[in-house]
Amino acid sequence: CFYFTVNQSTQLNPAQLSMEFRPRRATMLTQGADTDQEPTRPTWSRQIEFTLAGIGCAVGLGNVWRFPYLCYRSGGGAFLVPYLLMLVVLGIPLLYMELTVGQYTRRGPVLALATVCPLLKGVGIASVAISFIMCTYYNVVITWALYYLFSSFRAPLPWQNCNNTWNTPNCTNHATNSSYSSTASQEFFKYKMLEQTSGVEDTGVLRWDLFLILILAWILIYFCIFKGVKSTGKVVYFTALFPYVILIALLINNAQLPGALEGIKFFIVPVWDELLSVEVWVNAAAQIFNSIGIGFGSLMAMSSYNDFNNNILKDTLSISIINSITSILAGFVIFSAFGYMSYLQGIPVSDLAVDGPGLVFVVYPQAFANMPVAQLWAVLFFFMLLCLGLDSEFAMVEVMVTSLMDQFYKDVIHIFKKKELFVLAVCFVACLFGIPCVMQVGIYVFQLMDHYTAIVSIMFLAFFEVMATCWIYGVKRLSANLEEMNGHKANIFFRLCWLIVAPVILIFSIIQFKPARYGEYVFPPWGQGVGWIIALASIIWIPLGAIHTLWVLPGSIMEKYSLTHPNHSIKVFQSLSWPQVYTITHLGVQAASANICERMDHSQEHHEFQCGTVTGCHPCSESGLKAVSGLTTKWKQLGTTATSSRQCKLTEWCQWMR
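Sequential numbering from 62 applies to the sequence shown in this note's numbering.
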C-alpha cells in the first residue's frame, strides 16, 4: 500500500484526485510506523541513465548473438519482414504497456502485476522465474566470450590453422568446397572449448576452465550491480555505448573484404517462399520478446525507479527503435563476414555449416584469422560481446533482486543484513544452476534451456500478461493511468494492439510449437521432456498464483472470483473532509497480506464512498468493523483480513455503501 498524508480540512473532488494521489509523491507514515518498513524507493540519478539502461537491457547478446543465427536459419532476408512487422504490432505496444505499469506502481513485476490483477499475480512470479533461468545460461555466453577474449592474446590465434592437437582430419584452411570439411574455427569451438559430446545422452565431465571463467563472469556482474541502480546506472554509460563503436568499425572493415556483398545480399534480399514457414514467424515474434526484454520483467523493474512523470512513450520508442537498428547493424556485420567465409570456402552462403547458438563464435574467429592485426580485432569483438552480455545480465539479475526485495524486504534485511549480501547470494545460486552448461554436454543443455525458455515459456507468459493488464484490468484504466503520468491517453493503435492483435499473434505462436533441435541433431523424446520441465518451471507459477489467490480470499467461489477483478468505478462525495492519514492507490486498495486489490478509478459513476469514525472503538480491529453499520458480509471479511496485517494504520475506517 502507499501511504499519504492530507490535511484534515482538505476538501477533495473527483477531478482533483488524479492530480493529488500520486504514488511518486507518497510519504511514509511516521506516527506508529514500523521502523523496519521499506525505505523510500530510489530513483535514477539522471533520466538518461534509465534510457541507457533500457537500451542496454534490450541491446544485448540477443542482437549480435541470437538475431544472426535465427536470421540465417530462417532464410536471411525472409526473416526481416516478419521481424519488422512484429516490432510494430508486438514489440512497441507491449513495451509501452510494461513501462506504464512499472512506472505507475513503482514496484517490480511481482507486486505490480499482483496489483493490476490478483488472480493472475503468478504472471509476475513467472517473469522472475524466466529471468532467473535465462540469467543462468546467458552468463554461459559471457563465459564463452571471456574464453575467446583470453585466447585472442595468443599469436597466432588458436583457430587460425589446423595444426593443433584438437583438430580432426576433416579440418581445412578454406581451400576446399567439400560439405564434409570443417573450418579451424568450428573445430576450436566444438572440440577445444566445449569438448562437445555426441549428444545429450552422453553427459561427459565438467570443463574446469570454463567453470572457473563462469565464476569470474558472476564476480564481474556482482560488482557492477551490488549497489543497485546507483552503480548500474554508472556502468551502462560504457557498456551500452561501447558496442556501437566496435560494430561500426567492424562494418567498415568487413565491407572491404572479398565476398562481403554476397553475404549482405543474403541478409537483405528475402526468399519469399520462406515466409510461408510458420517457424519463421514464431522465431520473429520470439526474437522481439527476447531482444527487447518483453515478458521478463526487467524493463518493468527498471521503470519502477523512474520519476512519476517521466515520458514513457519517448523511452518506449527510443529503446525499441535503437534495439532494432542495432540488430540490423549487427546483421550487416555478421553477414558480411558470412560472405567472406563463403568466398574463402568456395560455397554459397546458404551452405555454410554455421547454424546454432555458436554461430558468432565460429564465423568471426574465422574472419579475424585472415584480417590484418587479427589479434586486435578479436580482442575488440569479444570485449564487445562481454559488454553486451553484461548489459543483458544486469537487467535479468535486477528484476530478481527488485522483486524479492519488494515482496520480502523485512525478511531479506533480517537474514542478510545488507542488500549487497543478498545480491551476492542471488549471484551464487544462479552460478550453481549454470554448471550443467559448462559440462561437455553443456551445449545441448544450453539449447534446451534457450528454446523452452526464450521461445516457449515467454509466449505463454506474454499472453497472460496481456490478459491481466489489458483485458482484466482494462485498457481504459491503463490509459487513465498513462494520462495521469504523461497528460495523454494511449491512442487507438496501441489500444487495438493490446486488445486484439497481440493476443491473437501470441495464441497462434503457442499453437505452432516446434520441438528444439541443435543444428542437425534431433533431441530424443526424453530430452524434449526435460525441455518441457524447464518451461514449466516458470509457467507453473501462473495457475499456482491463481489457486493461491482464490484459496486465501473469504466468501463463496463467486465472491472470491469477484474480488480478484477490478470493481466498477466509484463516486466520491465532494463535500467530505478526508482522514488525516489513509491508504489508497490508483491501481487499487490493497487488503494487506491477502493481496486483495479493489480497483478505484475515481470517475463519477456507480457506487458512493463514505468515511466515518466509530466512537469508542478502534477502526483497525474486528470489533471496530462489526460496530460499523451498513457493511456487507463481504466487506467485513475484507476488513478483518486487512486489519490482521501490520500494514493497517487507518485512523478512520472507510466504508463502501452498496
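Glycine is no exception: its CB is placed at the ideal position from the N, C-alpha and C atoms.
Does the Cβ-Cβ distance between P170 and S464 come in under 8 Å? Yes, these two residues count as a Cβ contact at 8 Å.
Quick check: the segment 153–160 against the segment 331–347, are at least 3 beta-carbon pairs closer than 8 Å? no
I'd like the list of long-range same chain contacts for I194, defined as Cβ closer than 6 Å, with 5 residues on each side in sequence excluded. T514
What do you get for I504, buried or exposed, if any count of 16 or more other CB atoms within 10 angstroms of its CB means buried? buried
In this structure, does DSSP put L420 in helix, strand or coil? coil
Euclidean distance between Cα positions of G163 and N547: 14 Å
Under the three-state reduction of DSSP, which class applies to S352: helix, strand or coil? helix
Would you call the CB atoms of G48 and G606 closer than 8 Å? Because residue 48 is not part of the residues shown, which for the chain are 62 to 719, the question remains open.
Could you check what DSSP says for T463 in three-state terms: helix, strand or coil? helix
Mapping DSSP to helix, strand and coil, what is F104? The identity of residue 104 in the sequence shown is Thr, whereas the question assumes Phe. In the three-state reduction of the DSSP assignment, T104 falls in the coil class, being assigned neither a helical nor a strand state.
Of the residues I286, Y208, L207, E248, the one placed nearest Q221, counting alpha carbons only: For the residues I286, Y208, L207, E248, the minimum Cα distance to Q221 belongs to E248.
Can you tell me which of G354, Q508, V266 puts its alpha carbon nearest to the alpha carbon of E581? Q508
Give me whichever residues DSSP pairs with S243 in a beta bridge. C232
Applying the 10 Å Cβ sphere with the 16-neighbour rule, what's the burial state of N124? buried
Between the segment 525–536 and the segment 174–192, do three or more beta carbon pairs fall short of 8 Å? yes
Mind checking which residues open and close the alpha helix (DSSP H) that includes M363? Looking at the DSSP string, the run of the alpha helix (DSSP H) that includes M363 is 359–364.
Got a sec? Which residues, its chain only, sit under 6 Å from L446 by beta carbon, not counting five neighbours each side? A206
Determine the burial state of G407: buried for a count of at least 16 other Cβ atoms within 10 Å of its Cβ, exposed for fewer. exposed
From the DSSP output, in three-state form, read off L605 for me. DSSP, reduced to helix, strand and coil, places L605 within a helical segment of the structure shown.
In whole angstroms, give me the CA-to-CA distance for Y208 and V565. Straight-line Cα distance between these residues: approximately 43 Å.
I need the DSSP call for L302, collapsed to helix, strand or coil. Here L302 sits in coil by DSSP.
Looking only at its own chain, which residues have a Cβ that is under 7 Å from the Cβ of I189, when we skip the five neighbours before and after it? It is Val, not Ile, that sits at residue 189 in the sequence shown. Cβ neighbours of V189 beyond the five flanking positions: P170, V171, G358, V460, M461, S464.
Residue nearest to T229 in terms of C-alpha spacing, selected from S246, L312, L374: S246
Using the Cα positions of T704 and C178, report the straight-line distance between them to the nearest angstrom. In this prediction, T704 has a pLDDT of 44, which is less than 50 and means its spatial position is unreliable; what the coordinates show is noted afterwards. C-alpha separation (whole angstroms): 22 Å.
Counting beta carbon pairs with one atom in the segment 379–387 and one in the segment 103–123, are three or more of them shorter than 8 Å? They touch, by the three-pair rule.
G117: CB within 7 Å of a non-hydrogen atom of the ligand NAD: Here there are no bound small molecules, and the ligand NAD is not part of this structure.
According to DSSP, residues forming a beta bridge with Y401: DSSP output for Y401 lists no bridge partner at all.
Of the listed residues G356, G392, T300, nearest to G450 (C-alpha basis): T300
Straight-line Cα distance separating M361 from S213: 37 Å
If we call anything under 8 Å between Cβ atoms a contact, is I276 one with C492? yes
For P586, which of helix, strand or coil comes out of DSSP? helix
Classify I286 as buried or exposed, calling it buried when 16 or more other Cβ atoms lie within 10 Å of its own Cβ. buried
Tell me, please, which residues DSSP counts as bridged to R578. V583
If we call anything under 8 Å between Cβ atoms a contact, is V484 one with D263? At a Cβ-Cβ threshold of 8 Å, V484 and D263 do not count as neighbours.
At which residues does the alpha helix (DSSP H) containing C223 begin and terminate? Counting along the chain, no alpha helix (DSSP H) covers C223, and no H or E run does either.
Quick one: Cα of L390 to Cα of G616, how far? 57 Å
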